[in-house]
Each structure stands twice: as structure tokens, then as C-alpha cells.
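*Asks:* For reference, the structure I am asking about is given below.
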Amino acid sequence: MATVNIYFSLGSNIGDRKKNIMEALHRMDEAFGGHFVALSELIETEPMGFVGGRFLNAAVLYRTSSSAGGAMDVLDKVKAIESAMGRTDGPEYDADGKRIYHSRIIDIDILFYGNERIDNERLIIPHKDIENRPFVMMPLKEIAEPSLKEAFPEYFE
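Laid out in C-alpha cells, this is it:
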């Protein structure tokens, strides 16, 4: 069966941030049927685009069998994990259509799903604007395999 590399960004700025990230990883292990392949160091960062507590951020790589649902199935799984852990806010936008951000117990974003490029109303991969988000790129560069760098060189120059 074919496998796919899935890179995620995790962040938390409410409560015991490290515990939140470890709990999310445990739930992801269960959801994806195996332990992650690589985990970056946790880094502490200021919130971007809103006022709130400092974040702990990490990047993680899972290698899992590709499923019929593909990236959309993975999205549903991580959204269910966020919800189960107490995240209740959905995407919110101002009158100009600009995203409004808030503090959160856990945030799990799919950065890359194999070599796919996806752009639909629910999911954009590579994740939108990651090249301008040091809290994503610093941990990602720590665990990115050569195959990811070759498939998406514009993010790793």
C-alpha cells in the first residue's frame, strides 16, 4: 500500500501549552494508526495578528497509508482532534474578508500532504502563507526531508 508524508504545524497558547501539544500528538498517533516519524523542537513565539499569550509551536511529520479520502480525510481527523480538546472557534473574518485570529488551546494545520497542491474552500496545501510565518518555517525546516525540499523548493531556498 502506498504511503504519504504529511507535515503538520501545531500550536497552543492556552493552559499547559506543552501538555496540549503532547495530547494532540497522542490523538494524532491514534487517528493515523502509528507514531509520528519526526517532531521538531518546541519553540515559543509571540502571537501573530492578535493580542494573546505566547505560543508553543512545533512541526511534526507522519508517514501513513494514503486513504481514499486523502487530504480531506486528514483534515476531518485533525479538526475532530481540535474539537475534542476543547477548541470551539471556527474561522472568523472581518468585513473586509481578513481572517481574525484568537488564542487557542490547540491549532493543527496541514502544511504539506505528499507532493499534492490543493486549493479548495476547505483546504489549501501547501498551507497558505507559511513562508511568512517563522513559527511554522523554523520547526518545519528542522524536520523536512529532502523529498519535501525537492518537491517544494520555493519554501526551502
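Quick note on my numbering: the sequence shown kicks off at 160 and runs consecutively. The C-beta atom is built at its ideal place from N, Cα and C for all residues, glycine as well.
Among Ile267, Ala230, Glu309, which has the Cα closest to the Cα of Ser171?
*Replies:* Here residue 171 corresponds to residue number 12 of the sequence shown, with the count starting at 1. If we check each option's Cα against that of Ser171, Ile267 comes out closest.
*Asks:* DSSP three-state label for Asp278, please.
*Replies:* The residue labelled residue 278 in the question sits at position 119 within the sequence shown. Here Asp278 sits in strand by DSSP.
*Asks:* Give the range of the alpha helix (DSSP H) segment to which Gly229 is assigned.
*Replies:* In the sequence shown, the residue the question calls residue 229 occupies position 70. Note, Gly229: alpha helix (DSSP H), 229 to 243.
*Asks:* Looking only at DSSP bridge pairs, what is Phe271 linked to?
*Replies:* Against the sequence shown, residue 271 aligns to sequence position 112. Beta-bridge pairing links Phe271 to Tyr166.
*Asks:* Is Pro312 a contact residue of the ligand ZN, with contact defined as CB to any heavy atom under 7 Å?
*Replies:* Because no ligand of any kind appears in the structure shown, any question about the ligand ZN cannot be addressed here.
*Asks:* How far does the beta strand (DSSP E) with Ile202 in it extend, from its first residue to its last?
*Replies:* Reading the sequence shown from its first residue, position 43 is the one you call residue 202. Run containing Ile202: 202 to 204, per the beta strand (DSSP E) assignment.
*Asks:* What do you reckon, are the CB atoms on Ile265 and Ala183 nearer than 8 Å?
*Replies:* Here residue 265 corresponds to residue number 106 of the sequence shown, with the count starting at 1. Here residue 183 corresponds to residue number 24 of the sequence shown, with the count starting at 1. Against a cut-off of 8 Å, the Cβ pair of Ala183 and Ile265 comes out as a contact.
*Asks:* Between Gly245 and the rest of its own chain, which residues show a CB-CB distance below 7 Å, the 5 nearest in sequence each way excluded?
*Replies:* Here residue 245 corresponds to residue number 86 of the sequence shown, with the count starting at 1. For Gly245, where only same-chain residues beyond five positions count, the Cβ hits under 7 Å are Ile264.
*Asks:* Report back the beta-carbon spacing between Met187 and Tyr221 to the nearest angstrom; my notes put them in contact at under 8 Å.
*Replies:* Sequence index remark: in the sequence shown, residue 187 carries index 28 (1-based). Sequence index remark: in the sequence shown, residue 221 carries index 62 (1-based). Confirmed, about 7 Å.
*Asks:* Using a Cβ-Cβ cut-off of 6 Å (strictly less than) and excluding sequence neighbours within five positions of Phe294, which residues of its own chain qualify?
*Replies:* On the sequence shown, position 135 is the one that residue 294 refers to. Closer than 6 Å at the Cβ level, and outside the excluded window around Phe294, lie Thr204, Asn216.
*Asks:* Counting along the chain, where does the beta strand (DSSP E) carrying Arg222 start and finish?
*Replies:* Mapped onto the sequence shown, residue 222 falls at position 63. Boundaries of the beta strand (DSSP E) harbouring Arg222: 214 to 224, taken from the DSSP string.
*Asks:* Taking its Cβ as the centre, do 16 or more other Cβ atoms sit within 10 Å of Ala303, making it buried, or is it exposed?
*Replies:* Locating residue 303 in the sequence shown gives position 144, where the first residue counts as 1. Buried, by the Cβ-count rule.
*Asks:* When the Cα atoms are used, what is the spatial distance from Leu169 to Thr247?
*Replies:* Residue mapping note: residue 169 aligns to position 10 of the sequence shown, counting from 1. Residue mapping note: residue 247 aligns to position 88 of the sequence shown, counting from 1. Straight-line Cα distance between these residues: approximately 16 Å.
*Asks:* Phe315 to Gly273, Cα distance in whole Å?
*Replies:* What you label residue 315 is simply residue 156 of the sequence shown in a count that begins at 1. What you label residue 273 is simply residue 114 of the sequence shown in a count that begins at 1. When rounded, the distance between both Cα atoms is 16 Å.
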